[in-house]
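There are 2 protein chains.
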Amino acid sequence: MLKLTKRTEYGLIALTHLAQRQGEVVPAREIGDHYPIPRRLLAEVLKDLCNADLVASTRGAHGGYALVRPAQELSLGEIVSALEGAPTVSSCGDENLLHGENSCDVQPICPIRSPLVKIKDKIWQMMLTTSLASLAEPHKPYRSLASQTQANGLVKSSIKSP
Amino acid sequence: MLKLTKRTEYGLIALTHLAQRQGEVVPAREIGDHYPIPRRLLAEVLKDLCNADLVASTRGAHGGYALVRPAQELSLGEIVSALEGAPTVSSCGDENLLHGENSCDVQPICPIRSPLVKIKDKIWQMMLTTSLASLAEPHKPYRSLASQTQANGLVKSSIKSP
DNA sequence: AATTATCGGCACTACTTGAGTGCGGATTGA
DNA sequence: TCAATCCGCACTCAAGTAGTGCCGATAATT
C-alpha cells in the first residue's frame, strides 16, 4: 500500500542512532534498550544492513555495529534497497525493466507502463538524493517540491478511510 | 514494500482510457476489451473511483463511466487516495497524524518519526503535484528532482535481489 | 580454560494484505 | 420483455510482513 515496512523503520532508527556515535562500535543491545523495538527483529535488520555494507559488524564481546560511511553520504535509497529491495511501483515497474526493457506481462498495449515507470523514477530519485543526515536533522527544509502547481484544487474529501 | 497496488495500476489504465474520450460515457466492458485486465476487478476499481467522485457512472443499457474533470486537473494523489488510501510510510506516518499529531506507538523517544513523516510528505507532495495528464503524455519531462545532489556516490551493488 | 557477551544463520508460526472470483439484484434503453 | 449495464456483498487463495526460537561462532574477560 505504498508504505515502508517496519524493517525500514527500525533500520532508520538504528542508523540514526549509529550516526550519533559515528565511527564507534555500538552493540545492538544498546539500540534495543533505547527504543521499543523487538530486539530479535532489530538484530535481523542490522544483519541485512551489514550484508548490504551499510554498517560493519564486530563479533565477540565488546562487538557491535558501526556506520561505514558518514550519514551525509548514506542515501535513503540505499537503506530502503538493503531492507526491502529497490522500490517498484507495480508489476510493470519491476526489475524486469532493469534487465532489458520488456517482459512486462501487460505488454503490447499497456498505456500505463510508462506512467508507472515515471512514478517509480520520481520516488526513487527522491530517495537517492535524500541522505540519512538530512532526514535526521530536524530543521532542514525540504520544500523543493511544494512550490510546484501542476495540478490544483485537490485533496478534497477523497481520502479513503481505512 | 513501497509499491502501488494492481488496483491503482488498473485505475490508471482506466482513467487514461477515459481521458482519451473526455466527457463521453464509456462502458467498463470497452476498457476491459482493450487491456488484459480481469474484467471483474476492473469493475471493482471503477466503482471505487466512482465513490471517490473521480468518475461519474451512468446505469442501464448504454451506461458506463466518464471522467468528471479533465485529466489536467486530476492528481495522482487523488487517484491513489481513492484506490488504496493516502500513502503512509510506516506506522508512525499513519492517519494518527491527521488527527492530532500524537498517538504514535513509539512515542516518547522516536527519533525516526519526523524522518518518516518527511519521506511521506515528499512522496505525497509529488503525487499531489502530478496530474493524470502529465503521466499520460509520453514526452513530458519530469527532471525537477534529477538535478539535486544532496547525497552522491550511491546505487552501487546494494540492490537486493528479490 | 571457563565464562560471558556479542554477532550469525536457519526455520518456523501467525497475521495482514492483495489479487481475483461468484452471484444475484437494480436500473435503463431497445 | 429482453439485454446491457452498473451495484453490492462475501468469499477463496496466494504472498508478504511481523515477530520468535534456537543454537553455533567469535572474541574479550576472568
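Sequence lines, in order, name chains A and B.
To convert a position in the first sequence, counted from 1, into this note's numbering, add 1461.
To convert a position in the second sequence, counted from 1, into this note's numbering, add 1461.
Note that beta-carbon positions come from the ideal geometry of N, C-alpha and C, so glycine has one too.
Item, Value
"Rounded separation between residue 1487 of chain B and residue 1498 of chain B - CA only", "16 Å"
"Span separating the alpha-carbon of residue 1636 of chain B from that of residue 1483 of chain B", "Because chain B is modelled from 1462 through 1623, residue 1636 of chain B falls outside the range shown and cannot be assessed."
"Under the three-state DSSP convention, the category residue 1466 of chain A falls into", "coil"
"Within 8 Å, strictly: CB atoms of residue 1535 of chain A and residue 1463 of chain A", "no"
"Contact with chain B by residue 1508 of chain A, beta-carbon distance below 8 Å", "no"
"Any chain A beta carbon closer than 8 Å to residue 1473 of chain B", "yes"
"Boundaries (first-last residue) of the beta strand (DSSP E) holding residue 1528 of chain B", "1525-1528"
"Which listed residue (B:1577, B:1489, B:1576, B:1591) has its alpha carbon closest to that of residue 1523 of chain B", "B:1489"
"Paired residues, beta bridge with residue 1591 of chain B - DSSP", "Answer by DSSP bridge pairing: none, since residue 1591 of chain B is not bridged."
"Own chain partners of residue 1509 of chain A with C-beta closer than 8 Å, once the 5 adjacent residues on each side are dropped", "1468, 1472, 1543, 1544"
"Coil, strand or helix - residue 1517 of chain A by DSSP", "strand"
"Beta-carbon contacts of residue 1514 of chain B that lie in its chain and below 7 Å, excluding the five residues immediately before and after", "1529"
"Extent of the continuous alpha helix (DSSP H) run through residue 1503 of chain B", "1500-1512"
"Selected residue, minimal CA-CA separation from residue 1581 of chain B, among A:1576, A:1475, A:1582, A:1587", "A:1587"
"Minimum Cβ-Cβ distance from residue 1516 of chain B to chain A less than 8 Å", "no"
"N-terminal and C-terminal residue of the alpha helix (DSSP H) that residue 1537 of chain A is part of", "1537-1545"
"Cα-Cα separation, residue 1591 of chain B to residue 1502 of chain B", "25 Å"
"Own chain partners of residue 1507 of chain A with C-beta closer than 7 Å, once the 5 adjacent residues on each side are dropped", "1475, 1489, 1516, 1526"
"Below-8 Å beta-carbon distance, residue 1567 of chain A vs any chain B residue", "Caution is warranted here: a pLDDT of 43 is assigned to residue 1567 of chain A, below 50, making its placement in the model unreliable, and no coordinate value can be reported."
"Alpha-carbon to alpha-carbon, residue 1596 of chain B and residue 1579 of chain A", "7 Å"
"Limits of the alpha helix (DSSP H) - the one that residue 1598 of chain A falls within", "Element bounds for residue 1598 of chain A: n/a, residue is neither H nor E."
"Contact with chain A by residue 1502 of chain B, beta-carbon distance below 8 Å", "no"
"Supposed contact pair residue 1577 of chain B and residue 1470 of chain A - C-beta distance, whole angstroms, cut 8 Å", "7 Å"
"Per-residue contacts from residue 1541 of chain A into chain B (C-beta, under 8 Å)", "1463"
"Three-state secondary structure assigned by DSSP to residue 1487 of chain A", "strand"
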